[in-house]
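Right, one structure below, let's go through it.
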Amino acid sequence: MTAPAKRVRIGEVLVEEGILNRAQLDHALAEQKSSGKFLGQMLIERGLVTGEELLQALAKRLGVRACQLRSGMVDPSLLNLVGEEEALRLKALPMFKVRDTLTVAMAEPQSLPSIDRLRQLTGCHIRPVLALEDQIAQWIKSCAGPAAGFNRVLASLTEADVEFIDGDDADGAPVADLDQHVDGSPVVNLVNMVLLRAVKDGASDIHVEPDRNMTRIRYRLDGILRDLMKPPATMHAAIVSRVKVTGRMDIAEKRLPQEGRVRINAEGREIDLRISSMPTVLGEKIVLRILDKAKLQIPLEGLGFRPGAYETFLRMLRQPHGLVLVTGPTGSGKTTTLYSALNLLRSPEQNIVTVEDPVEYQLELVNQIQVHESIGMTFARALRSILRQDPDVIMVGEVRDEETARVAVQAALTGHLVLATLHTNDAPGAVARLIDMGVEPYLLSGALAGVAAQRLVRTVCPNCAEQYQPDEDVLIRSGLGADERRAFTRGAGCPSCHESGFLGRTGVYEVMEITADLRRAVRSGISTQELRQVWMKAGGLTLRQEGLLTALEGRTSLEEVVSATHGEGESLPESLGRKLAPQPSGAG
Numbered sequence: 001m002t003a004p005a006k007r008v009r010i011g012e013v014l015v016e017e018g019i020l021n022r023a024q025l026d027h028a029l030a031e032q033k034s035s036g037k038f039l040g041q042m043l044i045e046r047g048l049v050t051g052e053e054l055l056q057a058l059a060k061r062l063g064v065r066a067c068q069l070r071s072g073m074v075d076p077s078l079l080n081l082v083g084e085e086e087a088l089r090l091k092a093l094p095m096f097k098v099r100d101t102l103t104v105a106m107a108e109p110q111s112l113p114s115i116d117r118l119r120q121l122t123g124c125h126i127r128p129v130l131a132l133e134d135q136i137a138q139w140i141k142s143c144a145g146p147a148a149g150f151n152r153v154l155a156s157l158t159e160a161d162v163e164f165i166d167g168d169d170a171d172g173a174p175v176a177d178l179d180q181h182v183d184g185s186p187v188v189n190l191v192n193m194v195l196l197r198a199v200k201d202g203a204s205d206i207h208v209e210p211d212r213n214m215t216r217i218r219y220r221l222d223g224i225l226r227d228l229m230k231p232p233a234t235m236h237a238a239i240v241s242r243v244k245v246t247g248r249m250d251i252a253e254k255r256l257p258q259e260g261r262v263r264i265n266a267e268g269r270e271i272d273l274r275i276s277s278m279p280t281v282l283g284e285k286i287v288l289r290i291l292d293k294a295k296l297q298i299p300l301e302g303l304g305f306r307p308g309a310y311e312t313f314l315r316m317l318r319q320p321h322g323l324v325l326v327t328g329p330t331g332s333g334k335t336t337t338l339y340s341a342l343n344l345l346r347s348p349e350q351n352i353v354t355v356e357d358p359v360e361y362q363l364e365l366v367n368q369i370q371v372h373e374s375i376g377m378t379f380a381r382a383l384r385s386i387l388r389q390d391p392d393v394i395m396v397g398e399v400r401d402e403e404t405a406r407v408a409v410q411a412a413l414t415g416h417l418v419l420a421t422l423h424t425n426d427a428p429g430a431v432a433r434l435i436d437m438g439v440e441p442y443l444l445s446g447a448l449a450g451v452a453a454q455r456l457v458r459t460v461c462p463n464c465a466e467q468y469q470p471d472e473d474v475l476i477r478s479g480l481g482a483d484e485r486r487a488f489t490r491g492a493g494c495p496s497c498h499e500s501g502f503l504g505r506t507g508v509y510e511v512m513e514i515t516a517d518l519r520r521a522v523r524s525g526i527s528t529q530e531l532r533q534v535w536m537k538a539g540g541l542t543l544r545q546e547g548l549l550t551a552l553e554g555r556t557s558l559e560e561v562v563s564a565t566h567g568e569g570e571s572l573p574e575s576l577g578r579k580l581a582p583q584p585s586g587a588g
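Numbered according to the working numbering, the sequence shown spans residues 1 to 588.
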């Protein structure tokens with residue numbers, strides 16, 4: 001029979017760690033007897049310790065990981081594996097399940113009998129993490145009953161936690177009519193909770209989706225959608241109404257897609273939200289795009305450029321005139337790169353004008369124009385007007401058609417620095433794309449200063465990083481070869497990164513500067529593959545090669561690079577391979 005684990009006394013641990021003195025502990029214990037509260041909860045309420053200090057002290061003593069329970073980390077449906085009564089008895093809350101491993105928040109993670117009981121009930125391998133007992137009890141009760149549980153969880157938030165500043169004019173009900181269409185404060189609080197959590201965690205999008213038995217709310221972290229919460233299906237219409245009204249959208253129209261926008265104050269800063277609604281067979285789906293101005297303050301050197309690519313891109317931006325293109329698929333970070341470039345270029349001595357659809361962020365010292373195709377304000381028309389405004393630098397949000405491409409090239413040829421985005425897979429492909437649009441090769445060769453193609457890869461979580469040796473198949477697909485023995489880095493998974501092993505993203509950049517040889521090649525109209533060969537002979541590195549170097553530096557995993565970039569047997573150049581000497585394998 002397994003011996004019960006020795007109970008750790010919270011107060012004694014805090015005294016031994018120097019967080020409390022003996023007099024404070026004795027006074028708190030006396031007060032606890034009369035109040036009946038948890039000791040940890042009472043110490044936090046009195047301001048003697050913080051929740052983080054309490055958890056870290058206990059985790060250090062027990063030799064386990066600790067976590068603060070919050071929305072997005074707990075799947076309420078997993079409570080059914082244990083049951084409310086047994087979960088309260090064991091002081092254990094199932095959080096999430098990865099294959100056959102169940103991560104459980106426990107007040108006593110050192111209790112082997114409790115772990116054995118959880119293994120017996122769930123049939124899973126149990127991974128215990130430490131959490132505060134009062135938090136576990138609150139979450140068990142909130143997960144046990146859908147509607148009642150959500151009201152309890154949401155009660156701690158008020159409407160003032162998120163301040164809605166304004167929204168664009170749109171047909172629909174005014175904000176003053178909100179109370180007629182939402183079911184009181186729980187819905188307001190739920191929407192606020194979702195917005196606050198998404199902003200705190202650095203999400204890029206929020207999805208509110210109808211389901212037969214629930215409303216599924218997910219948010220996109222580091223490019224991956226993750227469940228945030230699952231309110232009851234009965235709340236879906238009220239949630240949608242709340243979001244649509246704040247975005248000045250028509251809540252009576254449920255059959256057609258709509259768009260809206262609103263600016264909010266959250267976490268002490270202004271956040272722009274772009275709202276899109278779409279009718280589905282089960283109800284309306286809402287997607288909110290989060291545009292956080294704080295993310296624009298990333299300097300160009302902080303985007304992920306490796307030294308060689310960064311210096312080349314800077315040379316392109318410092319040209320007095322020419323066309324600089326940033327290419328990549330949707331969601332690859334092109335807009336962030338262009339805004340960081342504008343931050344570098346803007347000054348009182350420069351007249352910078354942009355034409356965008358939509359204007360995602362407003363910048364000082366930059367004149368920004370919004371495209372309105374419904375009234376004839378297209379990219380091409382705006383560009384022609386800009387050329388009569390004495391610009392030094394022009395930024396085009398996207399080159400979509402022949403007319404825009406021709407005007408952008410003409411502007412670059414007449415003494416302006418033009419920055420623009422284009423949808424192509426790689427840097428050499430941008431040349432073929434513009435020629436296909438109708439730009440003559442001889443004009444393009446004179447106008448083009450360079451192209452930067454980019455992808456976003458997830459970065460290894462620093463809290464759970466470990467060395468490993470990738471599988472032979474991954475090594476072969478990467479172009480390194482099955483006999484590669486260098487150690488790579490990956491994340492093992494921890495609460496900080498939601499068990500994904502990744503925390504944040506960085507850019508991988510393929511930068512092709514137009515040299516004299518490349519200019520002649522563009523003028524001759526050679527194929528993309530031939531242009532790529534000319535560029536690589538001059539020392540150019542492809543997206544795959546730049547990604548491999550990023551993985552070898554330990555910033556991302558090799559599997560992430562293979563997934564995010566494409567390559568046709570592209571290995572590292574021999575000179576670079578020699579510089580990066582093999583390391584002993586440190587597979588974890």
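Backbone N, C-alpha and C define an ideal beta-carbon position, used for all residues, glycine too.
Exercise for the section: Return the first residue and the last residue of the beta strand (DSSP E) that K285 is part of. Expected result: Within the sequence shown, residue 285 is the residue found at index 285, counting from 1. Counting along the chain, the beta strand (DSSP E) containing K285 begins and ends at 283 to 292.
Problem - Residue environment, V98, which counts as buried when at least 16 other CB atoms sit within 10 Å - result: Numbered from 1 along the sequence shown, position 98 holds the residue referred to as residue 98. It is exposed - the Cβ of V98 has fewer than 16 other Cβ atoms within 10 Å.
Practice task
Would you kindly check if the distance between the Cβ of G260 and the Cβ of R248 is under 8 Å?
Solution key: If you number the sequence shown from 1, residue 248 lands on position 248. If you number the sequence shown from 1, residue 260 lands on position 260. Yes, they are a contact pair.
Exercise for the section: Starting from the C-beta of C464, find all residues in its chain whose C-beta is less than 8 Å away, skip the five residues before and the five after it, and write them out in chain order. Expected result: Your numbering for residue 464 matches position 464 in the sequence shown. Cβ neighbours of C464 beyond the five flanking positions: G491, A492, G493, C494, S496, C497, G501.
Practice task
Can you give me the start and stop residues for the alpha helix (DSSP H) that A412 sits inside?
Solution key: Locating residue 412 in the sequence shown gives position 412, counting from the first residue. First-last of the alpha helix (DSSP H) with A412: 402 to 413.
Problem - Span separating the alpha-carbon of T330 from that of L69 - result: By one-based count along the sequence shown, residue 330 stands at place 330. By one-based count along the sequence shown, residue 69 stands at place 69. About 34 Å.
Exercise for the section: Tell me whether Y509 is buried or exposed, calling it buried when 16 or more other Cβ atoms sit within 10 Å of its Cβ. Expected result: Stepping through the sequence shown from its first residue, residue 509 is reached at position 509. Answer is buried; the Cβ neighbour count reaches 16.
Handout entry: Rounded separation between L365 and S340 - CA only
Key = In the sequence shown, residue 365 corresponds to position 365, counting from 1. In the sequence shown, residue 340 corresponds to position 340, counting from 1. Computed Cα separation, rounded: 14 Å.
Handout entry: Alpha-carbon spacing of L58 relative to D227, whole angstroms
Key = To locate residue 58, count along the sequence shown from 1; it is residue 58. To locate residue 227, count along the sequence shown from 1; it is residue 227. Whole-angstrom Cα-Cα distance: 29 Å.
Practice task
Please report how far the alpha carbon of L20 lies from the alpha carbon of L39, in whole angstroms.
Solution key: Residue 20 sits at position 20 when you count from the first residue of the sequence shown. Residue 39 sits at position 39 when you count from the first residue of the sequence shown. C-alpha separation (whole angstroms): 13 Å.
Handout entry: Segment limits, alpha helix (DSSP H) that includes L419
Key = The residue labelled residue 419 in the question sits at position 419 within the sequence shown. Note, L419: premise wrong, no alpha helix (DSSP H); beta strand (DSSP E) at 417 to 422.
Problem - Classification of L225 by the beta-carbon crowding that lies within 10 angstroms, buried from 16 upward - result: Residue mapping note: residue 225 aligns to position 225 of the sequence shown, counting from 1. It is exposed - the Cβ of L225 has fewer than 16 other Cβ atoms within 10 Å.
Handout entry: Per-residue DSSP class, three states only, for A564
Key = Stepping through the sequence shown from its first residue, residue 564 is reached at position 564. Three-state result, A564: helix.
Exercise for the section: From the DSSP output, in three-state form, read off Q258 for me. Expected result: Within the sequence shown, numbered from 1, the residue matching residue 258 stands at position 258. Note: Q258 maps to strand in three-state DSSP.
Problem - Sub-8 Å separation of L273 and I286 beta-carbons - result: By one-based count along the sequence shown, residue 273 stands at place 273. By one-based count along the sequence shown, residue 286 stands at place 286. Not in contact: L273 and I286 (Cβ atoms no closer than 8 Å).
Handout entry: S485 versus R520: straight-line alpha-carbon distance, rounded
Key = Counting from 1 along the sequence shown, the entry for residue 485 is found at position 485. Counting from 1 along the sequence shown, the entry for residue 520 is found at position 520. The question names Ser, but residue 485 is Arg in the sequence shown. Using only the alpha carbons, I get a separation of about 41 Å.
Problem - CB contact flag (E560, A309, <8 Å) - result: The residue you call residue 560 lines up with position 560 of the sequence shown. The residue you call residue 309 lines up with position 309 of the sequence shown. Not a contact, by the Cβ cut-off of 8 Å.
Handout entry: DSSP bridge partner residues for E253 (one or two, in chain order)
Key = Locating residue 253 in the sequence shown gives position 253, counting from the first residue. DSSP lists no partner for E253.
Exercise for the section: Can you have a look at K537 and say buried or exposed, based on whether 16 or more other CB atoms are within 10 angstroms of its CB? Expected result: The residue you call residue 537 lines up with position 537 of the sequence shown. The residue in question, K537, is exposed, as its Cβ has fewer than 16 Cβ neighbours within 10 Å.
Practice task
Specify, as a first and last residue, the run of the beta strand (DSSP E) that D205 falls within.
Solution key: By 1-based counting over the sequence shown, the position of residue 205 is 205. First-last of the beta strand (DSSP E) with D205: 205 to 210.
Problem - Candidates M214, P391, L342, Y219, of which the one nearest R197 by Cα - result: Here residue 197 is taken as the residue at index 197 of the sequence shown, counted from 1. Residue Y219 is the option with its Cα nearest to R197.
Problem - Per-residue burial, I136 [other beta carbons within 10 Å of its own, 16 or more giving buried] - result: Residue mapping note: residue 136 aligns to position 136 of the sequence shown, counting from 1. So I136 ends up on the buried side.
Exercise for the section: Might you give, ordered along the chain, the residues of its own chain that have their beta carbon closer than 6 Å to the beta carbon of K244, omitting 5 neighbours on each side? Expected result: Here residue 244 refers to the residue found at position 244 of the sequence shown. Closer than 6 Å at Cβ, skipping near neighbours: I251.
Exercise for the section: Look up S527 in the DSSP assignment and say whether it is helix, strand or coil. Expected result: Your numbering for residue 527 matches position 527 in the sequence shown. S527: coil per DSSP, three-state reduction.
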